[in-house]
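J.:
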Amino acid sequence: MRLIFCLLLLFTVSYSGQLKSQTVNSPDGAIRIDFSLTEQSKRNYPEGTPMYAVSYKGEPFLLPSRLGLDLLGTAEMKSFLKIENVLRSEKRGAWRPLYGERSEYPDNYNEMTVVLKETLSPHRQFKIVFRAYNEGIAFRYEIPAQKGLEKVVVSRELTEFVFPQYTSVWQSYGHEGKYFKVYVNEIQPNCELPLTCVTEKGTFGAIFEAGNSHYPRAYVKSLQSRGTSLGISLRGEAKGSEGMTTAWRAITLAEKPGGLIEQNYLILNLNDSCRLADTSWIKPGTVMREIGLNTEASFKLIDFCARKGIDNILYDGLWYGPDKDIKSYPGTPKPGLDLQAAIRYAKEKGIGVFLYLDKIAVERYADEVFPLYEKWGVKGIKPGFVSTGNQEWQEWIEATVKKAAEYHLMVNIHDAYRPTGFSRTYPNLVTQEGIHGNEQQPNADHDAMLPFTRFTIGAGDYTPGYLRVGLQSTWAHRLALPVLFYSPAQFLFWRERPEAGHDRPELKYWEHIPTVWDDTKVIDGAIGEYIIMARRSGAMWYVGGITNTNARSVVLNCSFLTPGKQYKATIYTDDVLSDDKVTIETKSVSCKDKLTFNLKSSGGFALKIE
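Just so we're aligned: the sequence shown equals residues -21 to -1, 1 to 589 in mature numbering (1 follows the signal peptide of the UniProt record, and there is no 0).
And the structure:
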């Protein structure tokens, strides 16, 4: 990754401990973070309790909310504190990712580090680092190495998010849970992040975590005794020696829900730059699953992918034996599958190969089979049934990604893992599941929620299907999903065979479709109702639009196109008279055009503009 430009300034202000409040604003002035220490008898908290509040364009988004940590085996660090120092810095810059949803990411913030010290013995010190970005806010705790804290165990994080009354959220439970809109005080324990919310005044936000390489995963819960307050639940203890730095707690803020998607690079900005010296082997692309698990079926699928512009094939579970069986060895394919011959043939055709391994296989055999896969010419792996949540498993997942990079293997983590921005540091982590996807056959209401919820933190492997019986959406709706649901390793035809109906004319749209983009624009949308999104790859634009289970008319404003230029648009829509047909038409368009689409229930449309 190449740094575009960067200006970083740092200065320090020292205090005698009398000052009780500090403020930091975003570079554009729209976002403000207020930090304070409580005075005696305020808000039912002890004196010297750290608090923060967040406003967006003059309107409160978070009311004064508590901060602090409970430490195992010693007194908590949450009250009777004073401000010892305040360090301020700023950064102005941008950076180019290896791949992404745009070719360049702004990285501009003002930072305020508040150094706190206990007024009572043992007078320990810790810091809270706040960043105000144009896109949102972030903060984390830093406990420096000091006498009496040679080892740190965080048993509970006291971070709170206190919302204005009547704030609504889209809650989800379980890594493949559905989303439901409720008032913030109705959230139950173990609600997943990210958490999308909207205040009564209409400010949208998405709460997420970032940079938790050595920190347990966080969930949120309603603190019902305190009204509209949410608290953090950690999946286990956080342990550190010689100090500790927690994960970032962050919120993307926007006037419109589409801003949460357009600004979702904030999670990447909160992670370290790429640590791989050579990234030339990392090749995002489309993927199709090989379900025959034999040599003949493999060759047929490879030929099909070469004809249809699909970049990779995946051998999923059972290719080397039963899942979760310690006797299954992921270096020996099942009888009837000459895997090495298939990989050689795929290479001749320009097709990459991914291999599935369950967690047991990775734990037992990674050191042995990763070098073997590199020798065979495997391009990537898909670890399945991975454990996640506690610090140990977070570290295990990232260690697996690092080890895979040593052997030039891309990674698609399945099941419970959700992104925290680590793909910036190790971009061979190309995608992950952690989503209620096509396997569960969700309805169109769910599809219309996902871009504004799960996809506010990055790539998700929805495993789109097209021909599968039982899918609860129209053909054109499903055709648009690879544009709307970002995944650098984008699966197509999740459970279909190459001979199963792929001659449908609209599937030309998926041939050579990009999976990473130079620009992304949300044209219009409402959470859980509909969305229209345009993505650019080079000079080509792809547009996708879907509605929920309600039929509606939507308008595509083509103002994102270059002024003064005429384009050819190939337009795919659900046929008016037939539920089993997609209408295809071409027309000339320019930035002045506004195209109206009358969408069926659970319908959609797609465009290729060149």
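Every residue gets a Cβ at the ideal spot worked out from N, C-alpha and C, and that includes glycine.
#1: Between which residues of its own chain and residue 595 is the CB-CB distance below 6 Å, once the five residues before and five after are set aside?
#2: Of the choices Ile281, Thr432, Leu336, Glu269, whose alpha-carbon is the least far from that of Pro301?
#3: Would you give the residue range spanned by the beta strand (DSSP E) that Thr410 belongs to?
#4: Taking 9 Å as the threshold (C-beta atoms), are Trp520 and Glu589 in contact?
#5: In the DSSP assignment, what are the bridge partners of Cys284?
#6: With DSSP collapsed to three states, give me the class of Tyr335.
#7: By the DSSP assignment, the beta strand (DSSP E) with Glu63 in it spans what residues?
#8: Based on Cα-Cα distance, which residue from Val199, Gly219, Ala229, Met56 lies nearest to Thr28?
#9: Report the three-state DSSP secondary structure of Ser208 (helix, strand or coil).
#10: Would you decide whether Leu209 is buried or exposed? Buried here means 16 or more other CB atoms lie within 10 Å of its CB.
#11: Buried or exposed for Gln203, please, with buried defined as at least 16 other CB atoms from any protein chain shown within 10 angstroms of its CB.
#12: What would DSSP say about Lys(-2), mapped onto helix, strand or coil?
#13: Indicate the three-state DSSP secondary structure (helix, strand or coil) for Ile404 in the structure shown.
#14: If you draw a straight line from the C-alpha of Cys170 to the C-alpha of Gly329, how long is it?
#15: Quick one: using the 10 Å Cβ neighbour count with 16 as the cut-off for buried, is Ser557 buried or exposed?
#16: To the nearest angstrom, how far is the alpha carbon of Gln125 from that of Asn407?
#17: Tell me the start and end of each unbroken alpha helix (DSSP H) in the region 423 to 478 that is at least 4 residues and wholly inside, in chain order.
#18: Across which residues does DSSP place Arg4 in a beta bridge pair?
#19: Verify whether the separation of the beta carbon atoms of Glu478 and Lys279 is less than 9 Å.
#20: With respect to the alpha helix (DSSP H) encompassing Gly115, which residues constitute its N-terminal and C-terminal limits?
#21: So, for Leu137: in the same chain, excluding its five sequence neighbours on each side, which residues have a beta-carbon less than 7 Å away from its beta-carbon?
#22: So, with DSSP's three-state summary, where would you put Tyr294?
#23: Around the Cβ of Leu351, are there at least 16 other Cβ atoms within 10 angstroms (buried) or fewer (exposed)?
#24: Ala378 to Thr399, Cα distance in whole Å?
#25: Flag this pair as yes or no: are the beta carbons of Leu118 and Ile12 separated by less than 9 Å?
#26: Per DSSP, what kind of secondary structure is Pro39 in: helix, strand or coil?
#27: Between Glu114, Leu41, Lys573, Tyr294, which has its C-alpha nearest Ile240's C-alpha?
#28: State the start and end residues of the unbroken beta strand (DSSP E) segment that holds Leu535.
#29: Alpha carbon to alpha carbon, how far is Phe142 from Glu97? Give it in angstroms, no decimals.
#30: With a threshold of 6 Å on Cβ separation, who are the neighbours of Ser569 within its own chain once the five nearest residues in sequence on each side are excluded?
#31: CB-CB under 6 Å to Leu(-19), same chain, minus the five flanking residues each way: which ones, in chain order?
#32: Note down, in chain order, each residue of its chain lying with its Cβ closer than 7 Å to the Cβ of Ala383, except the 5 sequence neighbours on either side.
#33: Roughly how many angstroms separate the alpha carbons of Asn4 and Leu446, rounded to a whole number?
#34: Count the other CB atoms within 10 Å of the CB of Trp260; is the residue buried (16 or more) or exposed (fewer)?
#35: Compare the C-beta of Pro461 with all C-beta atoms of chain C and state if any pair is closer than 9 Å.
#36: Who are Gly359's beta bridge partners in DSSP?
T.: With the structure as the only source:
#1: Within the shown structure, residues of the chain are numbered from -21 to 589, placing residue 595 beyond reach of any answer.
#2: The residue among Ile281, Thr432, Leu336, Glu269 with its C-alpha nearest the C-alpha of Pro301 is Leu336.
#3: Element bounds for Thr410: 408 to 411.
#4: Inclusion of Glu589 and Trp520 in the CB contact set at 9 Å is warranted, their separation being smaller than that value.
#5: Answer is none; Cys284 lacks a bridge partner.
#6: Three-state DSSP puts Tyr335 in a strand.
#7: Per DSSP, Glu63 belongs to the beta strand (DSSP E) from 60 to 75.
#8: Of Val199, Gly219, Ala229, Met56, the smallest CA-CA separation from Thr28 is found for Met56.
#9: In this structure, DSSP gives Ser208 an extended state, which the three-state scheme calls strand.
#10: Classification of Leu209: buried, given that the 10 Å Cβ count is 16 or more.
#11: Burial call: exposed.
#12: Coil, per DSSP.
#13: Looking at the sequence provided, one finds Thr at residue 404 rather than Ile. In this structure, Thr404 counts as helix in the three-state DSSP scheme.
#14: Distance between the alpha carbons of Cys170 and Gly329: 43 Å.
#15: When all chains shown are included, Ser557 counts as exposed.
#16: Each residue's alpha carbon lies about 37 Å from the other.
#17: Restricted to the region 423 to 478, the alpha helix (DSSP H) segments that are unbroken, complete and at least 4 residues in length are 423 to 428, 454 to 463, listed in chain order.
#18: First, the residue type needs correcting, since residue 4 is Asn and not Arg in the sequence shown. Asn4 has Arg11 as its beta-bridge partners, per DSSP.
#19: Contact: yes.
#20: Looking at the DSSP string, Gly115 is not in any alpha helix (DSSP H); the run it does join, the beta strand (DSSP E), is 115 to 122.
#21: Cβ neighbours of Leu137 within its own chain (closer than 7 Å, five residues either side excluded): Arg45, Leu46, Gly47, Leu48, Asp49, Lys57.
#22: Look at Tyr294 here: in three-state DSSP terms it is strand.
#23: Its Cβ having fewer than 16 others within 10 Å, Leu351 is exposed.
#24: Taking the straight line joining both Cα atoms gives about 15 Å.
#25: The identity of residue 118 in the sequence shown is Phe, whereas the question assumes Leu. Yes.
#26: Under the three-state reduction of DSSP, Pro39 is assigned to strand.
#27: It is Glu114 whose Cα lies nearest to the Cα of Ile240.
#28: First-last of the beta strand (DSSP E) with Leu535: 531 to 536.
#29: Across the structure, Glu97 and Phe142 are spaced so that their CA atoms are roughly 28 Å apart.
#30: Closer than 6 Å at Cβ, skipping near neighbours: Gln545.
#31: Residue placement at Leu(-19) is poorly supported in this model, since its pLDDT is 39, which falls under 50; the coordinates are not used for a value here.
#32: In the same chain as Ala383, and ignoring 5 residues on each side of it, the C-beta atoms closer than 7 Å to its own belong to Phe349, Ile360, Val390, Asn407, in chain order.
#33: Per the coordinates, the alpha-carbon of Asn4 lies some 50 Å from the alpha-carbon of Leu446.
#34: Burial call: exposed.
#35: Looking at the structure shown, chain C is missing, and only one protein chain is on hand.
#36: Beta bridge pairing from DSSP links Gly359 with Phe333, Met389.
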